[in-house]
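Protein sequences appear in the order of chains A and B. Read in order, the letters of the first sequence are residues 1204 to 1367 in this note's numbering. Read in order, the letters of the second sequence are residues -1 to 515 in this note's numbering. For every residue, glycine included, the Cβ atom is placed at its ideal position computed from N, Cα and C. Have a look at the structure below before the remarks.
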Amino acid sequence: MTSSSAAVLQDPPRDVAAAAIAREGHRRDALLPVLHALQDRFGHVPAETIPFIAKALNLSRADVHGVVSFYHEFRTAPPGRHIVRLCLAEACQAMGAPALRAHVEQTLGVGMHETTSDGTVTLEPVYCLGNCACAPSVMIDGETHGRVTAERFDALLAEPRGRS
Amino acid sequence: MNHTIYIPLDTSARSLGADAVAAAISAQAASRGVTIRIVRTGSRGAFWLEPLVEVATPSGRIAYGPVQPGDVAALFDCNFLTGGPHPLRLGIAAELDFFRRQERLTFQRVGVIDPLSLEDYLAAGGFRGLDQALAIGRARTLTEVIESGGRGRGGAAFPTGLKWRTAHDAPGADKYLVCNADEGDSGTFSDRMLLEGDPFTLIEGMLIAGYAIGAAKGYIYLRSEYPNAERVLAAAIAAAERHGYLGRRVSTTDFAFEIEIRRGAGAYVCGEETALLESIEGRRGQVRAKPPLPALQGLFGQPTVVNNVISLASVPAILAHGAEYYRDYGVGRSRGTLPFQLGGNIRYGGLVEKAFGLTLRELLYDFGGGSASGRPIRAVQVGGPLGAYLPETLFDTPLDYESFAGVSAMLGHGGIVVFDDTVDMARLARFAMSFCAHESCGKCTPCRIGAVRGVEVIDRILGDRDRPAAIALLRDLCDTMTQGSLCALGGLTPLPVLSALEHFPEDFAIRPRTHAA
Ligand SMILES: Cc1cc2nc3c(=O)[nH]c(=O)nc-3n(C[C@H](O)[C@H](O)[C@H](O)COP(=O)(O)O)c2cc1C
Ligand code: SF4
Ligand code: FES
C-alpha cells in the first residue's frame, strides 16, 4: 500500500496528483478519485497537494479540506507501514469483536487511530467488511481475514511485521 | 487427463484461506506430475464449508470442504480429482441441502461459473435479458419491469419500474444510471458476492436499465472496503468493453453505454442515494433535501436512476423469462426473491436466496442451524444497523416487506445478524446511537445532536442515574429523531434502540456499570 522512501523521492506527491488529475479530468467530480490516488500511493493525502488540487479543479482550499475531512477513510498524516482495520460492527460483535479488540489493543499497545511507536502498525476501526458470516473480521493491508481469534491475529500480524 | 478444479476467489472464502488452498493444490499437482486447471469462481455462499473445493467429474461437480492447505496431500492420496472418498467429501455441490432448498434466480450463476469468462456467462444464459430488451424496445422493457413487481433491494423497497419510468419521462439532455454498491449495512454481503461471483449479471442489468431510461453513462459507486470486488468488477467491465457489450454500439445496435467505477471512502451515509450523488460529484457526502427526486434531478442536475446492485442484477432474469415468471415468486406486494444473508452467531452462515414469505424461524433454524455457539438465539437484527432487534416471540414473522412493517421492523437489504443469550441489548442500543453520531452527515439537528444526546442518555440508564426519567427522555429523543430527521440515518436509528428497549427491557435494568461499547 505505502511505498518505499526511494519511490517517494522519485514521485513527489504533486506529480502523483498532477498525473491523477490529467487522467480524471480538471473537473470537480475528479476530486475523490484524485484523493484516492494519493492515498493509495502515500497512505495519506499529503497536505502540500491540497493547494495544487484546489487550483487544478478550480475549488477553494477550504473546499478540498472539507471533503478530505468528511470521509473517514482519508488520512492527513502518514500511517504505519501496515494497516490493521478491525471490524466493530454488529455481526462481528456477536462473535467476540470486543474481546478481540481488547487483545489487539493490548498486543499492539495502541488504541484506535493510533500507530505503534515503532511505526509498523496503524490500528483503525471499520464498520463491516462484508464478511459477516465469517466473523470476527480483520483487514490487514487490504486483505480480509475471517474467524479471527486472538491466536490467529498474532500469527497474521507476525507475517507482515516480519517482512517490514 | 486434464482435471478442472473450482476454488472461490470470493472475499469470505479467501478470508478463510482459499488462496493458500489453491496454491497447495497447484504445488501438489506439480509434484505429482498431474495436469490440472484451476478455475476461480465466486462462492456459492455456504461459508461454514469454505474454502470449498469442487472437482469436475462425469457425474457432476463434487465438493470437498472446508479444505485447509494441510488437507491437500491427503485429498490427492484419496483421488479427489476423480471424486474419490475422503472425510471432507460432501457430494455434488449443487445438491447440498442448503442449496437445494433455495430459489436462486439472481444468484443462479454465482459460485458456478468463472466470473470473468464471457463464454461461461453466455453458456449459462447470460445476455438473454439484454437481447430481449433490445428486441422489444424501451417502452415494453419498462412495462416488463413494472409488471414484475420488483422493488428496490437497497432498503426503501420502492418499485424499480416506476422509478425507471419517472426518469425515462423526465426531460433532460443527459440521463444517468447509478448503481449503489456502497453496501454499508453491517450484516450484508450479497452485493459483494454478486460483484465477485457474477459481475456480468450486474453489467447486463445496468445495460437494460440504461437502455430503458435513455442513459448513456452508468456509475457504480463501490465501497472502498471491497478491494477484491473492485478488481473483479474492473476486469469484467474491461472484458465487456472488449467484446462490444459496453461502448458506442452495444451488441451492434445504436445504443451506447459506458460504465465507470467510483470508489467510496468509508462514509456510511454515502449509501443514501442523494449523499451518494454528492460524493460522485466530488463533494462532502451530505444528504440533499427531496424534492427534487433524483429521478427528475439527480447527478449533475440530470434525471438519474439510483438502484442497488441486487435490484439491477435481478432485471436480466425478469427480461429473459418474463415479468410473470418473476412475479410468481413471493407473497402480497413482496414479489420475487430476496438473497438473505445470515451472519453473526449462526452455525450455517451464508447466502440464502428465497422467495419472500418464509419465516425468520425457518431461515434461522432450517437453513442456519441455530447459533454457532450452541447457545439459544436471543436476538436477531434484521435489515442492517438501522433495523430492529427481534426476540424469539417474533421469529414466526414472515419475511416480507409488509409483515415486517407490521412488527415495527424492516427487511432492508436482507441482512440477518444473530446473537446468542450472552448478548447485552443495552450495549447494542448504545452502539446504534453512537454509530449514528459517528456517521451523521451533520445536515440536520435531530440526527447530529440527537444521536450524541442519545448516547449520553443511554449511559445515564446504564449508570442508573435517575433511570425512569432517562428512559422517558430516550423515548422522547427517539421520537424527535424519527419525526425530524431528513434521511433514514437519523430517522431509523430509533428502530434498533427502541426495539431493544421494547423487547429486552431487562437489559436496561439496574446492573453493575459496564464498559462503553
Ligand atoms: C443512511 C443510508 C444508507 C444507505 N445505504 C445504502 C447502501 O449501502 N446500498 C443501497 O443500495 N442503498 C442504501 N440506502 C438506500 C438508498 O438511499 C436508496 O434507497 C437505494 O439505493 C435505491 O435503490 P433501490 O431502489 O434499488 O433499492 C441507504 C439509505 C440510507 C438512508
Ligand atoms: S438524518 Fe443525519 S444523516 Fe440524514 S440528513 Fe440528517 S444529519 Fe444527515
Ligand atoms: S459486521 Fe464485521 S464483517 Fe460485517
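Using three-state DSSP, classify residue 1248 of chain A as helix, strand or coil.
Locating residue 1248 of chain A in the first sequence gives position 45, counting from the first residue. Coil.
Using a threshold of 8 Å, is the CB atom of residue 13 of chain B nearer than that to any non-hydrogen atom of ligand 1?
Here residue 13 of chain B refers to the residue found at position 15 of the second sequence. False, no ligand heavy atom lies under 8 Å from that Cβ.
Report yes if the CB atom of residue 347 of chain B is closer than 9 Å to the CB atom of residue 1280 of chain A, and no otherwise.
Within the second sequence, residue 347 of chain B is the residue found at index 349, counting from 1. Within the first sequence, residue 1280 of chain A is the residue found at index 77, counting from 1. The answer is no: Cβ separation not under 9 Å.
With a threshold of 9 Å between beta-carbons, can residue 278 of chain B be considered close to chain A, or not?
Locating residue 278 of chain B in the second sequence gives position 280, where the first residue counts as 1. By this cut-off, residue 278 of chain B is an interface position.
I need the boundaries of the alpha helix (DSSP H) containing residue 161 of chain B, first residue and last residue.
Residue numbering aside, residue 161 of chain B sits at position 163 when the second sequence is read from its first letter. Element bounds for residue 161 of chain B: 158 to 167.
Note down, in chain order, every chain B residue with its Cβ under 7 Å from the Cβ of residue 1233 of chain A.
Taking the first residue of the first sequence as 1, we reach residue 1233 of chain A at position 30. Ordered by position in chain B, the residues that pass the 7 Å Cβ test against residue 1233 of chain A are 280.
What residues sit near ligand 3, counting only those whose C-beta is closer than 5 Å to one of its heavy atoms, in chain order?
A/1290, A/1292, A/1294, A/1295, A/1331, A/1332, A/1334, A/1335, A/1340 and B/184
Does the CB of residue 298 of chain B have a neighbour CB from chain A at under 9 Å?
Mapped onto the second sequence, residue 298 of chain B falls at position 300. Chain A, which has a Cβ nearer than 9 Å to the Cβ of residue 298 of chain B, makes this yes.
So the alpha helix (DSSP H) residue 516 of chain B belongs to, where does it begin and stop?
In the structure as shown, chain B starts at -1 and stops at 515, and residue 516 of chain B therefore has no counterpart that could be examined.
Residue 1280 of chain A: CB within 8 Å of a non-hydrogen atom of ligand 1
In the first sequence, counting from the first residue as 1, residue 1280 of chain A sits at position 77. It does not: the Cβ of residue 1280 of chain A is nowhere closer than 8 Å to a heavy atom of ligand 1.
Is residue 332 of chain B helix, strand or coil when you go by DSSP?
Translated into the one-based positions of the second sequence, residue 332 of chain B becomes position 334. Strand.
Report all residues from its chain with a CB closer than 8 Å to the CB of residue 1224 of chain A; omit the five preceding and five following residues, and keep chain order.
Walking along the first sequence from the start, residue 1224 of chain A turns up at place 21. 1233, 1237, 1256, 1259 and 1260, listed in sequence order.
Should the stretch 483 to 490 of chain B be regarded as contacting the stretch 267 to 280 of chain B, the criterion being three or more beta carbon pairs within less than 8 Å?
yes
Would residue 1342 of chain A pass as an interface residue toward chain B - the criterion being a Cβ-Cβ separation below 9 Å?
Position 139 of the first sequence holds residue 1342 of chain A. Judged by the 9 Å Cβ criterion, residue 1342 of chain A is in contact with chain B.
How about residue 337 of chain B: is its C-beta nearer than 9 Å to some C-beta of chain A?
By 1-based counting over the second sequence, the position of residue 337 of chain B is 339. Not one chain A Cβ lies under 9 Å of residue 337 of chain B.
I need the straight-line Cα distance from residue 75 of chain B to residue 296 of chain B, nearest angstrom please.
Stepping through the second sequence from its first residue, residue 75 of chain B is reached at position 77. Stepping through the second sequence from its first residue, residue 296 of chain B is reached at position 298. Cα to Cα, the separation comes out at about 60 Å.
Just the Cα atoms here: how many angstroms apart are residue 481 of chain B and residue 1351 of chain A?
Counting from 1 along the second sequence, the entry for residue 481 of chain B is found at position 483. Counting from 1 along the first sequence, the entry for residue 1351 of chain A is found at position 148. Roughly 41 Å separates the two Cα atoms.
Which listed residue (A/1326, A/1310, A/1278 and A/1268) has its alpha carbon closest to that of residue 1291 of chain A
Residue numbering aside, residue 1291 of chain A sits at position 88 when the first sequence is read from its first letter. The residue with the shortest Cα to Cα distance from residue 1291 of chain A is A/1326.
So for residue 1296 of chain A, helix, strand or coil by DSSP?
Here residue 1296 of chain A corresponds to residue number 93 of the first sequence, with the count starting at 1. Helix.
Can you round the beta-carbon distance between residue 358 of chain B and residue 388 of chain B to whole angstroms, since I take them to be within the 8 Å contact cut?
The residue you call residue 358 of chain B lines up with position 360 of the second sequence. The residue you call residue 388 of chain B lines up with position 390 of the second sequence. About 7 Å; that satisfies the 8 Å criterion.
Cutting at 7 Å between CB atoms, please list the residues of its own chain near residue 118 of chain B, excluding the five before and the five after it.
Residue mapping note: residue 118 of chain B aligns to position 120 of the second sequence, counting from 1. Around residue 118 of chain B: 111 and 112.
Return the residue from the list B/268, B/20 and B/5 that minimises the CA-CA distance to residue 68 of chain B.
Position 70 of the second sequence holds residue 68 of chain B. The option with the nearest alpha carbon to residue 68 of chain B is B/20.
Report whether the distance from the Cβ of residue 441 of chain B to the nearest heavy atom of ligand 2 is below 8 Å.
Numbered from its first residue, the second sequence carries residue 441 of chain B at position 443. Result yes, Cβ under 8 Å from ligand 2.
Can you name the residues of chain B whose CB is closer than 7 Å to the CB of residue 1329 of chain A?
Your numbering for residue 1329 of chain A matches position 126 in the first sequence. The answer, in chain order, is 223.
Measure the alpha-carbon distance for residue 453 of chain B versus residue 334 of chain B and round it to whole angstroms.
The sequence position of residue 453 of chain B within the second sequence is 455, counting from 1. The sequence position of residue 334 of chain B within the second sequence is 336, counting from 1. Their backbone Cα atoms lie some 39 Å apart in a straight line.
Considering only their Cβ atoms, is the gap separating residue 506 of chain B from residue 496 of chain B smaller than 9 Å?
Here residue 496 of chain B refers to the residue found at position 498 when the second sequence is read from its first residue. Here residue 506 of chain B refers to the residue found at position 508 when the second sequence is read from its first residue. Not closer than 9 Å, so no.
If you measure from the beta carbon of residue 1236 of chain A to each beta carbon in chain B, is any gap under 9 Å?
Within the first sequence, residue 1236 of chain A is the residue found at index 33, counting from 1. Output row for residue 1236 of chain A: interface = yes.
Measuring only between beta-carbons, confirm whether residue 1303 of chain A sits less than 9 Å from chain B.
Walking along the first sequence from the start, residue 1303 of chain A turns up at place 100. With 9 Å as the cut-off, residue 1303 of chain A does not count as an interface residue toward chain B.
Considering only their Cβ atoms, is the gap separating residue 1331 of chain A from residue 538 of chain B smaller than 9 Å?
Summary: the structure shown does not reach residue 538 of chain B, with chain B confined to residues -1 through 515, and so no result is reported for it.
For residue 180 of chain B, which residues from the same chain have a beta carbon less than 7 Å from its beta carbon, with the 5 sequence-adjacent residues on both sides left out?
Translated into the one-based positions of the second sequence, residue 180 of chain B becomes position 182. Answer for residue 180 of chain B: 219, 221, 262, 268, 269 and 274, listed in chain order.
So the candidates are B/156, B/17, B/50 and B/127; which of them puts its Cα closest to the Cα of residue 1346 of chain A?
To locate residue 1346 of chain A, count along the first sequence from 1; it is residue 143. Of the candidates B/156, B/17, B/50 and B/127, the one whose C-alpha sits nearest the C-alpha of residue 1346 of chain A is B/17.
Beta carbon of residue 153 of chain B nearer than 9 Å to that of residue 381 of chain B:
As a first step, residue 153 of chain B must be located in the second sequence, where it is residue number 155. As a first step, residue 381 of chain B must be located in the second sequence, where it is residue number 383. Yes, Cβ-Cβ distance for residue 153 of chain B and residue 381 of chain B is below 9 Å.
Quick one: is residue 506 of chain B near chain E, going by C-beta distance under 9 Å?
Among the protein chains in the structure shown, which are A and B, there is no chain E.
Looking at residue 15 of chain B and residue 66 of chain B, is the spacing between their C-beta atoms short of 9 Å?
Along the second sequence, one-based indexing puts residue 66 of chain B at 68. Along the second sequence, one-based indexing puts residue 15 of chain B at 17. Their beta carbons are under 9 Å apart, which means residue 66 of chain B touches residue 15 of chain B by this criterion.
Using beta carbons (cut-off 9 Å, strictly below), is residue 1360 of chain A in contact with chain B?
Here the question's residue 1360 of chain A lines up with position 157 in the first sequence. Taking Cβ atoms only, chain B never reaches closer than 9 Å to residue 1360 of chain A, which makes this a no.
Leaving aside the five residues before and after residue 235 of chain B along the sequence, list all residues of the same chain whose C-beta is less than 6 Å from its C-beta, in chain order.
Translated into positions along the second sequence, residue 235 of chain B becomes position 237. Contacts found: 257.
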